[in-house]
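**Student:** Residue numbers (the numbering used here): 213 to 315. Glycine included, each C-beta is placed from N, C-alpha and C at the ideal position. First the structure, which I've put down as structure tokens, then a few questions once you've had a look.
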Ligand SMILES: [Ca+2]
Ligand SMILES: [Ca+2]
């Protein structure tokens, strides 16, 4: 399997990965904080590109390209320091839950 073709990148959507992460939270009964702690490999309170890449790979089994990783960071990153802190991760999930409320 060659999953490094440019086609993959076009079909990938940010929403997709968000959904997978959200599902992973539910299935493992994890809080956003616990998820953050798992992804933040060096526990410095922020998630950088390599940590996100590794985290997504181990949590949802998805291996993203550097471009995909940086689109996720850009989408979550509120204060534009190119890292995701726990507040930003919470905000991302809170926004997503609002969006998909269908009751
Ligand atoms: Ca870190
Ligand atoms: Ca940030």
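1. Answer yes if the segment 276-295 comes into contact with the segment 245-264, meaning at least three C-beta pairs across the two stretches below 8 Å, and no otherwise.
2. Just to confirm the assignment, what range does the alpha helix (DSSP H) spanning residue 227 have?
3. So, for residue 297: in the same chain, excluding its five sequence neighbours on each side, which residues have a beta-carbon less than 7 Å away from its beta-carbon?
4. Does ligand 2 have even one heavy atom less than 7 Å from the beta-carbon of residue 206?
5. Measure the CB-CB distance between residue 232 and residue 253 and report whether it falls below 8 Å.
6. Could you tell me the distance, in whole angstroms, from the CA atom of residue 226 to the CA atom of residue 302?
**Tutor:** Walking through what the data contain:
1. Short answer: they touch.
2. Segment 226-240, the alpha helix (DSSP H) holding residue 227.
3. So the qualifying residues of the chain are 257, 258.
4. Shown here, the chain extends from 213 to 315; a query on residue 206 therefore has no answer.
5. No, the Cβ-Cβ distance between residue 232 and residue 253 is not below 8 Å.
6. 16 Å
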